[in-house]
Structures are given as C-alpha cells and as structure tokens.
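Sequences listed follow chains A and B, in order. All you need for this note's numbering is the position in the first sequence, starting with 1, plus 534. All you need for this note's numbering is the position in the second sequence, starting with 1, plus 534. Remarks on the structure that follows.
There are 2 protein chains.
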Amino acid sequence: MLTVQVDLGTRSYPIYIGANLLNDRKLVAPFLGSAKVLVVSNETVAPLYLEKIQVLLGKNYRDAVILPDGEKFKTQDVVNQIYDKLLVDRFDRGCILVALGGGVVGDVTGFAAATYQRGVNFIQIPTTLLAQVDSSVGGKTGINHALGKNMIGAFHQPLCVIADTSVLKSLPDREFRAGLAEVIKYGLIGDLEFVEWLERNNRGLLDRKDELLSQAISQSCKHKAAIVAQDEREGGVRALLNLGHTFGHAIETATGYSRLLHGEAVAIGMVMAADLSMRIGWISAGDAKRVRQLIEIFGLPAVPPADIDKRRFLELMASDKKVQSGKTRFVLLKSVGHAVIESVTDTKLLDLTLIAGESLCRS
Amino acid sequence: MLTVQVDLGTRSYPIYIGANLLNDRKLVAPFLGSAKVLVVSNETVAPLYLEKIQVLLGKNYRDAVILPDGEKFKTQDVVNQIYDKLLVDRFDRGCILVALGGGVVGDVTGFAAATYQRGVNFIQIPTTLLAQVDSSVGGKTGINHALGKNMIGAFHQPLCVIADTSVLKSLPDREFRAGLAEVIKYGLIGDLEFVEWLERNNRGLLDRKDELLSQAISQSCKHKAAIVAQDEREGGVRALLNLGHTFGHAIETATGYSRLLHGEAVAIGMVMAADLSMRIGWISAGDAKRVRQLIEIFGLPAVPPADIDKRRFLELMASDKKVQSGKTRFVLLKSVGHAVIESVTDTKLLDLTLIAGESLCRS
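Quick look at the structure:
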C-alpha cells in the first residue's frame, strides 16, 4: 500500500492507495471511534460494493442513502435527501459520512458533510480513476445550480481517502481511459519523468495492473496535494490544475455534456494547449507532437469535434468561470513537464489553434 | 470608536463599534476594493437603513435582496433566492455580500456567502443589540430545517463587522432589552467587574446612551471573541456561551417561539442556572439573589411561564442538540462572574429548580 499525506495543517489527511484496501478495517478503524456512519452511494456502485463497505464499517455502519447515478443529480434536492436522512435518524455532530462512488457522489456527500450541523466529518472512497486522482484531493465539494455547474459548495477536507485499485476493474473502458487523461495532466504540468514513465507503461496501465495503477494514482495525488497545499482556496498556483480545461470546458458545453466524458474533453484540451504553446514558440514541434502521441497511446481523443467552430469556441471560453476581468487566461506549456498560466495577447495564434482540427500539434 | 479584533489567524477580523458608523465610508473602503456588493436585508430594516448603506458602499453597491422579516424565513428557500440573484447578475468569486439586519439576516447571508462559489466574502452590519453582541462574533452561519433549528450551516468569518449604536435607537423596547440579556450573560460567565459596571449603569443603558452602549457591546464582543479564539469550531470552552440556554431553549420550544424573545428566555434560563448553582452549593443565596436582581433591573423576565411543568422541561432538555451521550450538561455558576460546564448527577436538585417558579433564587 502507498500513502500520500495531504498537508493542510490541522486539516491534513492521508490517501491510502493499493489493491483490496476495502477489505482492511485497520485503515478506517482509527477514524471511526464510536461514530455513527451514513454511507452515500449511487445505484451503479452500491450493488457492487456497498456490502463490502458494510463489513468494513462494522458496528459503525447505520444506513445508506442511494442516489440515482449521474451529473444531473448533483443538486440541492439530493443534498436535502441526505439532510433528511441524517435528521430523521438523529445523526449528531459526531457522525461520519462515507462517500462511496465517483466524483458526483464525492462532491454531494462532501457538501452535505460540510453543511450538516455546520460541518461533520467524512471519508472518501472514490470508485472511479478520475475521482481517485482528482476529486479526492483538494477538498472541493459542491453541487450544480440551474444557472451554473459547481456554483454552490464549500471547501471541506475528508478524514481520509481510500483509493482501492481493485474497484477500478469494474469501470467501463472509456471511463477508465478518461481518468487516465487527468493522470497524464499531472505529468505535463510538472513532471517530465512521470511523462516518460507513462510513455513506457501505457500497455500495463491500460491492462489495469494494480501495481502500475497504484504508482500512477499516488504520483497524481502527490502532485495535486503539493499544489493544493500551496493554495488551498484557489487563489493562484492551483489554476495550473486547469491545464486543458479552458478548451475542455468549452468542448463539453458545446457538446451538451453528453458526447464526450470530462477526461476526454480535457485530453483534447491538453493537445490544444500544446498546439498553442508551440505557436507561441515555447515548445518545439517535436514536443507538441509528443504530447499528442501521449494522449493517443492511451486511446484518448486528441482533436475537437469538427462542428465546434472558432466563433463558438471564443464565445464559450469568454463565459468561463475562470475568466478574470474579461481576459481568458490559459494554462500553457513552457516545456513538457512545465506548465504556466498566461493571458494570450496574440489572438491570431489562438485562432490558428482553434481551427487546426486534425492538424493540431502537427506543424 | 472602539475596535475589537477577533483573533482567528488568517480569518481574523475587526468589529467596529460606535455611534454613526454607517456614515463613515473609510471603515469599509479598505475591504471593498473593486468588488461588486450585494446587500441582503429584510422588510423591516431596509426602509430605515438601506439608503444609508447604498451611500456607504458607493460605486461598489450593485443591488439588494430584501427578505421577509422573521425566524421562519431562515430557510433554504431564502438562501436559494440569494443564489439566484447572484447567478443571474453574474456576481463572481470576488464579490462581497453585506448582511444588513438582525441575527436571521446575518445567519442566512453568511451561509449564502459560505457556499456561493465555495465561499465569498461578507460584511456584517447587525442592526439589533442581540446580533451586535452575539451573532456578529464567531462565524456561525446557517438556516433552519423542518426537523430542527440551525441544522444546516457553516463556520464562515466576515471581513469586518460594523456595530453602529445609532441604529439601536429604532429598536422596539422589548427587543432592545432582550439583547441586554446576552450582554449580562458575558458578565456572569467570566467578568465580575463587568457585572458591577452593568449594575451601576442600568439606567443609562436602558436610555440607550451611545457611550455606554459602545462599552457594553465592546466588552461583550471581547469576551465572546476570546472564547471563540480558543475554540473556533465549538469543541469545548465555547459551550460556556450557552449559559441560560439549556433552560432557555426548553422555554422557547414549550412556548412555540412566540411568547418570549430569545433573550428573554435566556434571561430566565440564567436565573434558573443561578438557582441550581445555589442548590448544588456553589454560590451563596446572596449571589443567586444578585443574579435575579441583575436580570430584573434591566426589565427582563426572571421566572418561566407557569404552564411549563417539570416533566415538559425534562423532556425538552433531553432532546437538546447539545446533549452528549444522553447526559444533559449545564452551564452553571461557580461564582458571579465564573461559569463552568457540568453534568448534574443529583436530579433532585434539578427538579427543585424546575418547580421553583416565583421563588427562584429566593432561598
């Protein structure tokens, strides 16, 4: 088992990473004490793992709230459902919520924990690769509002995170690969060696070998934890984590959040960021090509859907939440393994990236 | 002007206390920068002070949400109303909410600020004495749920608090006196000198003299700030602030939150706490009498409604949120100006206090 410590003073917590961790009560016992535990999961994950979790939690387990599966259930109504259960069954301030599922379950459960009786503890058991490497680090919790995604929420750190690589075996292939896009992201942002390791181990990772998955997850969590420790509440350097996301969000919105998974859109976004970095003259044509290849050897899409034209891209990027005083700031590459945050002043270069399509990163 | 600094590390903030502070833009200007400001107020307070606040905020002012007045509007619906305004008018993460009103407005606005885009800044302008001495210190924000008061919420500290004694002139007499009950509480908990000062200055305070009000508010805020600084998230010593509240809450619930104001119920609760402390043998009959007199010279009720019998009291206290593992813990007096937290094991003494009625603190 590998352990990554997320270092946030009194709010520090460990992430345990490895195979078959859900069988190991020793991991959670120190956090449970005599607390009453409510598990929150969804209709896809609960049939697979809820029983295991009941055994894991033993006498602490009280009940479970099973949500419908999907981003569209990341709502106030669902949070209210959790509050109702907690209040009807008189869970007190010493209770613990356990989030068993992907990012949506984690975000909703974390937000309920952040706001029930002004904050109770919670434990994350992420069951997707994306949630293991992304949403389990950093304490972002929240829900969507009719007028915007993630508009309501709080920063609330868990007691611990258990990232069991065994549960990834049940993930659909496309979703698994979409999670790898975020793993690749950490390499591109700040770790050339990790990029090289990913290039060497693409087969084994795609075969979901526990040992390799543990290393990839641990490395990703370490990178995210280091960035979050510097910038817990997202004032500065944390924006680096948005590599590929400004383009990616525009693609997700343009395609109505249905045609592509988040990680797939981010994969394309990273190729676009590499392309733009090349046009600005920061990375070589060879490096840009390397980024695109890295995306492609993991079976991820590298080119945006042909029906999003330049105007639509510009429009959507302008309304991004991360826009500051009207200027769109991009996360770009100074080199492979070194990302920076920059406003792009030469809009002609940006235009070229937006219309490049199949020729992205192919100078 | 007096200033009390609430010391919470990076979340520290000042409370400005004095007459006519709402005319002084210099106080808020350093916090405003170029932020868009949304004011939240209610139908009672807005007609009196919203214009003044618009002038105070100047170019930063954007709009106001005016809520209906009353505890029954401390709900998720009202918070959603604030979210909607913020999202429709595209308030970004750099915005500031201003709470202009009593405790309900402060709690609701603070909770909206705590959860909008995972936390934006807010400024408290409390317009009741109770809010100035109680809810403006400590960062508790939240709303009620059909199944319990203050069950949903967050700890979220404001940028600053402006306690203008001039606005207290417009308070109904009964509400003003109820606020004084919480002022008295700080004396009884930990400051004999302050008790003596209150005994000497009861007339001037009831006449709402600015100078005396400033001193009373500042002293109260200092005491609360010192306790909160030791125990921001309410694990231990902060429970001292509940002097009079275990009895008080039972009285409020028994009377349907309509017959007595919160401060009035707390005033009675403090007399009951003094009575019980006397029966346990901690304070003398003279001291118990002194506590009752202190309550009475400020025109506050000292005796619970005759229709709450012992059984009802015990029942309601048992379901109090602060009950730990079945034992009701009381805040009692070791002496006038020194409160402690204790479980009462001799239930016969408690029974005597509950049935004492008019003879409370009169041995």
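Where a beta carbon is used, it is the ideal one built from N, C-alpha and C, also for glycine. Keep in mind that this is a model prediction, so the values were computed, not measured.
Do the CB positions of residue i and residue j come within less than 8 Å of each other?
{"i": "A/V599", "j": "A/I677", "result": "no"}
{"i": "B/N594", "j": "B/A569", "result": "yes"}
{"i": "B/D898", "j": "B/L572", "result": "In the structure as shown, chain B begins at 535 and stops at 897. Residue 898 of chain B is therefore absent and cannot be evaluated."}
{"i": "B/R652", "j": "A/F656", "result": "no"}
{"i": "B/L762", "j": "B/G672", "result": "In the sequence as presented, Leu is not what sits at residue 762 of chain B; that position holds Val. Yes; because the gap between Cβ atoms is below 8 Å, this pair is in contact."}
{"i": "B/V800", "j": "B/E716", "result": "yes"}
{"i": "B/L794", "j": "B/I723", "result": "no"}
{"i": "B/T649", "j": "A/T649", "result": "yes"}
{"i": "A/M685", "j": "B/L884", "result": "no"}
{"i": "B/R737", "j": "B/L834", "result": "no"}
{"i": "A/L898", "j": "A/V874", "result": "The requested residue 898 of chain A is not part of the displayed model; chain A covers only 535 to 897."}
{"i": "B/S669", "j": "B/G687", "result": "no"}
{"i": "A/G797", "j": "A/G713", "result": "yes"}
{"i": "A/V775", "j": "A/K758", "result": "For the record, residue 775 of chain A in the displayed sequence is Leu; it is not Val. Cβ distance < 8 Å, so A/L775 and A/K758 count as in contact."}
{"i": "A/Y547", "j": "A/P692", "result": "yes"}
{"i": "B/F728", "j": "B/Q753", "result": "yes"}
{"i": "A/I616", "j": "A/V654", "result": "no"}
{"i": "A/G592", "j": "A/V638", "result": "no"}
Measuring CA to CA, which of the options is closest to residue i?
{"i": "B/E730", "options": "B/R824, B/G803, B/A760 and B/T789", "result": "B/R824"}
{"i": "B/P602", "options": "B/G635, B/R627, B/D626 and B/Q588", "result": "B/G635"}
{"i": "A/L740", "options": "A/V579, A/F864 and A/I831", "result": "A/I831"}
{"i": "A/T887", "options": "A/L828, A/D809, A/S818 and A/E849", "result": "A/D809"}
{"i": "B/D698", "options": "B/G891, B/F864, B/R896 and B/T537", "result": "B/T537"}
{"i": "B/M804", "options": "B/I829, B/G790 and B/L794", "result": "B/I829"}
{"i": "B/Q515", "options": "B/A784, B/L631, B/Y720 and B/V837", "result": "There is simply no residue 515 of chain B to check, as chain B begins at 535 and stops at 897 in what is shown."}
{"i": "A/V667", "options": "A/I842, A/H679 and A/I718", "result": "A/I718"}
{"i": "B/S893", "options": "B/I587, B/I802, B/G790 and B/H679", "result": "B/I802"}
{"i": "A/D841", "options": "A/E727, A/S811 and A/A788", "result": "A/A788"}
{"i": "B/L555", "options": "B/V695, B/Q764, B/S754 and B/D765", "result": "B/V695"}
{"i": "A/G815", "options": "A/L681, A/K606 and A/L866", "result": "A/L866"}
{"i": "B/G567", "options": "B/I889, B/A760, B/G797 and B/C629", "result": "B/C629"}
{"i": "A/A560", "options": "A/V654, A/S669, A/M535 and A/A580", "result": "The sequence given here has Lys at residue 560 of chain A, not Ala. Looking at the Cα atoms, A/M535 is the closest of the given residues."}
{"i": "A/Q588", "options": "A/A563, A/F607 and A/E605", "result": "A/A563"}
{"i": "A/H779", "options": "A/T879, A/H679, A/M806 and A/A822", "result": "A/M806"}
{"i": "A/Y583", "options": "A/A633, A/T675, A/S546 and A/F625", "result": "A/A633"}
{"i": "B/T881", "options": "B/S897, B/F864 and B/K674", "result": "B/F864"}
{"i": "A/L826", "options": "A/T544, A/V642 and A/S897", "result": "In the sequence as displayed, the identity of residue 826 of chain A is Arg instead of Leu. Among A/T544, A/V642 and A/S897, the Cα nearest to that of A/R826 is on A/S897."}
{"i": "B/P838", "options": "B/C895, B/R624 and B/I751", "result": "B/C895"}
{"i": "B/A580", "options": "B/E605, B/Q539 and B/V701", "result": "B/V701"}
{"i": "B/F625", "options": "A/T879, A/T862, A/D843 and A/S853", "result": "A/S853"}
{"i": "A/R545", "options": "A/I817, A/A646 and A/R767", "result": "A/R767"}
{"i": "A/R813", "options": "A/A890, A/A836, A/L591 and A/D558", "result": "A/A890"}
{"i": "B/H872", "options": "B/T862, B/I817, B/A836 and B/D843", "result": "B/I817"}
{"i": "A/S877", "options": "A/A773, A/G790 and A/F607", "result": "A/A773"}
{"i": "B/K586", "options": "B/D558, B/K606 and B/R845", "result": "B/D558"}
{"i": "B/I751", "options": "B/G790, B/A665, B/K674 and B/T675", "result": "B/A665"}
{"i": "A/K868", "options": "A/T862, A/D843 and A/A822", "result": "A/A822"}
Would you check whether the ligand HEM has a heavy atom nearer than 7 Å to the C-beta of residue i?
{"i": "A/F728", "result": "Inclusion of the ligand HEM in the displayed structure is not the case, the ligand content being empty and no account of it being possible."}
The region 595-621 of chain A: which residues have C-beta closer than 8 Å to a C-beta of chain B, in chain order?
-> Q610, N614, Y617, D618 and L621
Check whether the region 702-714 of chain B touches the region 656-666 of chain B, counting contact only when three or more Cβ pairs, one atom from each stretch, lie closer than 8 Å.
-> yes
Between the region 669-702 of chain B and chain A, which residues of the former have a C-beta closer than 7 Å to a C-beta of the latter?
-> K674, G676, H679, L681, G682, M685, I686, G687, A688 and F689
Scan the region 623-654 of chain A for residues whose Cβ lies nearer than 7 Å to a Cβ of chain B and list them as they occur along the chain.
-> A648, T649, Y650, Q651, R652 and G653
Can you list the alpha helix (DSSP H) stretches of 4 or more residues lying completely in the region 617-658 of chain B, in chain order?
-> 637-649
Tell me, please, whether the region 778-798 of chain B touches the region 831-850 of chain B by the rule of three or more beta-carbon pairs shorter than 8 Å.
-> yes
Can you give, in chain order, each stretch of the alpha helix (DSSP H) that sits fully within the region 761-810 of chain A and has at least 4 residues?
-> 779-788
Taking only runs that begin and end inside the region 696-763 of chain A, name each unbroken alpha helix (DSSP H) of 4 or more residues, in chain order.
-> 707-724, 726-734 and 736-740
Which whole runs of the beta strand (DSSP E) in the region 584-616 of chain A are 3 residues long or more, in chain order?
-> 595-601
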